[in-house]
Amino acid sequence: MPNSMEIDPAVLRQLADQHDRVAHDTREWAKPPTEWLANFLPTYGKIAYPVYEALERYYDARQRAGEALASEHDRTADSLRASANAYEQSDEDFASHIRQAGGLTDTPSPTAPPGTSTDPFGSNRPITPTGSVPGDGPVTADPSSAKPVSTGPAAAGPGTAEDNPLATSPGGPNGASPTGTGVPGATAASTDPGSTNGAGTPNATGTGTSTPGGPSSTGVTAPATAGVPPAGVGPLNATPDDRAATQPPSGATGRTDMPPMPVPVASPFAAAVASAKDKEAEPAYVVGGQVNDDLVLAKTLLGSVLAAVDSPVGMAWAVAVMRGPGGTGVFITSNEGRGWLPAGLFLPREVSTPWNWDELLAADEGAGSPWEGVTDPARVLAEFGLAWGAKANANLSALVSSGPIDPGLRSRFGEAAMEGLISPSYDVDLREFTPDTADRLGLTGSIAGLEHVSSVPDTQVQSRCVELAVDAHGQVGRSGSVPAEAAASRRVRERILADLQAGRPVPRELWDELRDADDLLAASMLGQRVDVGRVEIGQLRLDAGVSPLRGMVFERRCNELVLLLANEPSRQTLRDAVYAHEQITLHPQFVSTPAPVSTAVQPERVARPASVPSVTAPEVAGGPPPTVVAAPSTPPPAVAPPERS
Numbered sequence: 014m015p016n017s018m019e020i021d022p023a024v025l026r027q028l029a030d031q032h033d034r035v036a037h038d039t040r041e042w043a044k045p046p047t048e049w050l051a052n053f054l055p056t057y058g059k060i061a062y063p064v065y066e067a068l069e070r071y072y073d074a075r076q077r078a079g080e081a082l083a084s085e086h087d088r089t090a091d092s093l094r095a096s097a098n099a100y101e102q103s104d105e106d107f108a109s110h111i112r113q114a115g116g117l118t119d120t121p122s123p124t125a126p127p128g129t130s131t132d133p134f135g136s137n138r139p140i141t142p143t144g145s146v147p148g149d150g151p152v153t154a155d156p157s158s159a160k161p162v163s164t165g166p167a168a169a170g171p172g173t174a175e176d177n178p179l180a181t182s183p184g185g186p187n188g189a190s191p192t193g194t195g196v197p198g199a200t201a202a203s204t205d206p207g208s209t210n211g212a213g214t215p216n217a218t219g220t221g222t223s224t225p226g227g228p229s230s231t232g233v234t235a236p237a238t239a240g241v242p243p244a245g246v247g248p249l250n251a252t253p254d255d256r257a258a259t260q261p262p263s264g265a266t267g268r269t270d271m272p273p274m275p276v277p278v279a280s281p282f283a284a285a286v287a288s289a290k291d292k293e294a295e296p297a298y299v300v301g302g303q304v305n306d307d308l309v310l311a312k313t314l315l316g317s318v319l320a321a322v323d324s325p326v327g328m329a330w331a332v333a334v335m336r337g338p339g340g341t342g343v344f345i346t347s348n349e350g351r352g353w354l355p356a357g358l359f360l361p362r363e364v365s366t367p368w369n370w371d372e373l374l375a376a377d378e379g380a381g382s383p384w385e386g387v388t389d390p391a392r393v394l395a396e397f398g399l400a401w402g403a404k405a406n407a408n409l410s411a412l413v414s415s416g417p418i419d420p421g422l423r424s425r426f427g428e429a430a431m432e433g434l435i436s437p438s439y440d441v442d443l444r445e446f447t448p449d450t451a452d453r454l455g456l457t458g459s460i461a462g463l464e465h466v467s468s469v470p471d472t473q474v475q476s477r478c479v480e481l482a483v484d485a486h487g488q489v490g491r492s493g494s495v496p497a498e499a500a501a502s503r504r505v506r507e508r509i510l511a512d513l514q515a516g517r518p519v520p521r522e523l524w525d526e527l528r529d530a531d532d533l534l535a536a537s538m539l540g541q542r543v544d545v546g547r548v549e550i551g552q553l554r555l556d557a558g559v560s561p562l563r564g565m566v567f568e569r570r571c572n573e574l575v576l577l578l579a580n581e582p583s584r585q586t587l588r589d590a591v592y593a594h595e596q597i598t599l600h601p602q603f604v605s606t607p608a609p610v611s612t613a614v615q616p617e618r619v620a621r622p623a624s625v626p627s628v629t630a631p632e633v634a635g636g637p638p639p640t641v642v643a644a645p646s647t648p649p650p651a652v653a654p655p656e657r658s
């Protein structure tokens with residue numbers, strides 16, 4: 014049913030078994046090598062006694078640390094099993110309440126005491142706490158009861174539609190006003206640093222850091238809202254689907270007299286992050302080693318993106334995590350255009366991009382951010398971290414890049430964890446849409462574009478995509494001179510669009526030729542990007558002049574719009590086309606030039622007749638009839654005027 018959430022207790026028990034195995038392996042690893050230590054002095058002699066004492070202290074510390082870590086895994090396993098039992102008991106109680114309320118059984122509820130109350134759930138009905146936050150674990154409804162009943166999910170704020178996933182973003186493209194989240198698209202921090210999620214495991218997106226030897230996340234997270242809740246949202250605490258128009262205020266109905274709904278299952282991306290944390294936290298020969306949750310989150314996201322996209326030559330990616338009083342924010346960008354995202358990439362809805370915040374960060378109105386054309390995407394995120402951190406009181410906590418990290422960034426942000434040359438990771442497939450992800454239009458599109466997509470009927474999707482490609486091709490051509498590197502691709506585009514508008518099939522050779530020309534154009538952009546390694550961080554300034562690189566980017570978006578027409582028309586194709594079109598028309602530096610219209614008045618022409626008509630008198634054989642008086646044949650005589658006397 015809509016807005017329903019399901020969880021399998023067997024999954025929780027399976028995760029508990031995994032924690033038991035990890036605890037057992039940790040204890041085995043932590044055991045000191047007693048036989049080797051016993052033979053140490055006889056082998057090396059008394060001269061090595063100081064080394065022997067140091068080894069004993071080391072192995073003793075390692076054993077205590079291993080025991081502490083194993084105990085944490087044991088407690089996590091116990092919490093998981095308790096949660097599974099609580100879910101099953103809550104399910105049974107809920108069914109019992111329904112049967113009793115509907116008069117289907119005379120058997121009283123096992124948890125409701127007998128009485129004469131008119132409330133069908135009795136006086137001890139389960140209460141959904143309104144002040145809970147993501148990360149609250151299951152509690153019992155009655156302290157004296159032997160069977161715990163899990164609490165309901167945290168109060169959910171108004172949800173967002175599919176086309177407005179960034180409704181929480183202050184000053185973003187959707188026009189939302191600033192909120193108290195502190196960081197755009199941020200995950201609110203838990204009010205209790207030691208709080209755990211519904212599975213009894215530490216919340217990976219809380220403000221507190223993991224303790225040495227602490228357990229890693231199991232991939233089961235507490236629910237969160239889709240809008241701007243008091244507790245915020247995050248990649249590991251998102252609702253499974255926020256495409257519905259609204260979300261209920263609490264649980265499924267908003268009523269405190271109804272049994273709570275179960276906690277949603279973790280999303281695929283959250284499970285991938287949990288798996289990565291488990292790998293980082295595996296027993297290693299380092300005592301007191303600590304896993305950086307933000308760094309693991311950033312590496313997992315970037316690795317998944319690199320595995321999902323086919324980046325052209327010279328294209329690089331970077332991901333940053335920022336922390337502040339409002340929680341955690343995750344940002345991603347590429348070094349093409351204004352953080353261009355390719356089609357077919359579905360990112361977690363909590364991920365944002367620095368280019369969404371020009372309205373709040375730009376120094377000049379409508380000028381845009383000064384980071385376009387920078388070679389290093391990590392530098393773009395670092396610049397954004399400085400600009401946004403001053404407004405949101407947030408700091409850069411982790412930064413990863415597909416390329417090398419500039420040493421200047423490491424020295425400037427010494428407290429942030431950084432790592433370069435991230436390789437692709439195939440733990441999660443970001444090429445498939447899931448309820449907790451959104452496409453590039455859903456993450457960065459304007460309200461007008463999203464409304465336009467929803468208003469186009471299915472029968473007009475193909476024609477509308479062609480119109481967008483033709484419009485972008487014409488506007489870019491009229492906005493300025495075409496870069497010489499883009500001349501070949503522009504000629505091929507014109508031929509393809511002419512065939513499509515005429516209703517003729519496009520030869521396959523033309524599609525291949527356009528793809529090859531686009532690849533050459535992407536390679537030509539390498540020399541146009543700017544290396545700002547010698548510019549001090551925070552000192553970049555916007556160049557408002559004509560940029561050859563910007564013209565190439567516009568031409569590539571035109572190529573993208575035309576290449577989308579090679580696929581079967583679908584609603585997703587239209588969404589991708591609208592995104593590519595907005596990358597051109599909504600660019601702060603793009604000036605649209607209207608198509609030329611002729612104003613000359615054409616002279617009116619009158620067609621000359623083929624022959625000039627003539628009028629002829631009728632032929633008469635005889636003279637006038639006898640009754641007709643004929644004119645005299647002689648002139649009248651002259652009459653002299655009378656004489657004057």
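Quick note: the sequence shown uses the numbering used here, first residue 14, plus one each step. Ideal Cβ positions, reconstructed from N, Cα and C, are used throughout, including at glycine.
Pick from the options that is closest to residue i, judged by C-alpha positions
i	options	result
Cys478	Arg517, Leu412, Ser560, Gln585	Gln585
Arg563	Tyr62, Val543, Gln27	Val543
Gly79	Leu394, Leu578, Lys44, Gly516	Lys44
Thr47	Asp525, Arg491, Tyr71, Ala81	Tyr71
Ala461	Val591, Asp73, Ala500, Ala67	Val591
Asp492	Glu363, Arg547, Thr598	According to the sequence displayed, residue 492 carries Ser and not Asp. Nearest of Glu363, Arg547, Thr598 to Ser492, Cα basis: Thr598.
Asp440	Gly316, Ala515, Ala395, Gly342	Gly316
Ala500	Ser438, Arg521, Asp529	Asp529
Ala29	Ala81, Trp42, Leu68, Ala95	Ala95
Leu82	Asp38, Ser92, His110, Leu50	Asp38
Leu578	Pro470, Leu539, Ala67, Asp512	Asp512
Gly416	Gln596, Ala429, Leu319, Asn305	Leu319
Gln596	Thr341, Leu481, Gly516, Ile418	Leu481
Trp368	Ser84, Trp401, Pro361	Trp401
Gly546	Ser459, Val387, Trp370, Pro361	Val387
Pro520	Pro470, Thr472, Leu576	Leu576
Identity of the residues DSSP links to residue i by a beta bridge
i	result
Gly340	Gly337
Leu409	Met335
Met431	Leu412
Pro417	Partner(s): none; Pro417 has no beta bridge.
Pro361	Thr450
Thr346	Ala331
Val387	Val543
C-alpha distance - residue i paired with residue j, whole-angstrom precision
i	j	result
Pro420	Thr313	23 angstroms
Gln475	Ser560	33 angstroms
Leu553	Ala36	51 angstroms
Met271	Ser467	With a pLDDT of 39 at Met271, under the threshold of 50, the modelled position of that residue is not reliable, and the figure given next carries that caveat. One C-alpha to the other measures close to 36 angstroms.
Trp384	Ala405	20 angstroms
Arg40	Gln76	8 angstroms
Asp323	Gln303	34 angstroms
Leu670	Leu25	Given that the chain is displayed from residue 14 to residue 658, the structure contains no residue 670 and the question cannot be resolved.
Asp106	Asn98	12 angstroms
Gly540	Gly350	14 angstroms
Ala114	Ala108	10 angstroms
Gly455	Pro355	13 angstroms
Leu587	Arg112	48 angstroms
Arg504	Gly490	11 angstroms
Lys160	Ser103	Since pLDDT at Lys160 reaches only 40, below the 50 mark, its modelled position is unreliable, and the value read off the structure follows with that caveat. Distance between the alpha carbons of Lys160 and Ser103 is about 9 angstroms.
Neighbourhood of residue i by C-beta distance below 6 angstroms, restricted to the same chain and skipping five residues each side
i	result
Leu399	Gly551
Phe359	Leu443, Phe446, Thr450, Asp452
Phe53	Tyr65
Asp87	Ala36
Neighbourhood of residue i by C-beta distance below 7 angstroms, restricted to the same chain and skipping five residues each side
i	result
Pro390	Ala329, Trp330, Ala331, Thr346, Ser347, Asn348, Ser414
His486	Arg506, Leu510, Cys571
Pro582	Val474, Gln475, Cys478
Within-7 angstroms CB hit, residue i to chain C
i	result
Ser410	Among the chains of the structure shown, chain C does not appear; only one protein chain is present.
Same chain, Cβ closer than 8 angstroms to residue i, neighbours up to 5 away in sequence not counted
i	result
Ala61	Phe53, Leu54
Ala395	Ala333, Leu409, Leu412, Leu422, Arg425, Phe426, Ile550
Inset, instruction - Pair every Cβ in the segment 403-422 with every Cβ in the segment 335-350, then say whether three or more of these pairs are closer than 8 angstroms. - result: yes
Inset, instruction - Examine the Cβ distances between the segment 525-544 and the segment 316-336 and report whether three or more of them are shorter than 8 angstroms. - result: yes
Legend entry - the segment 495-509 / the segment 568-576 touching (three or more Cβ pairs under 8 angstroms): yes
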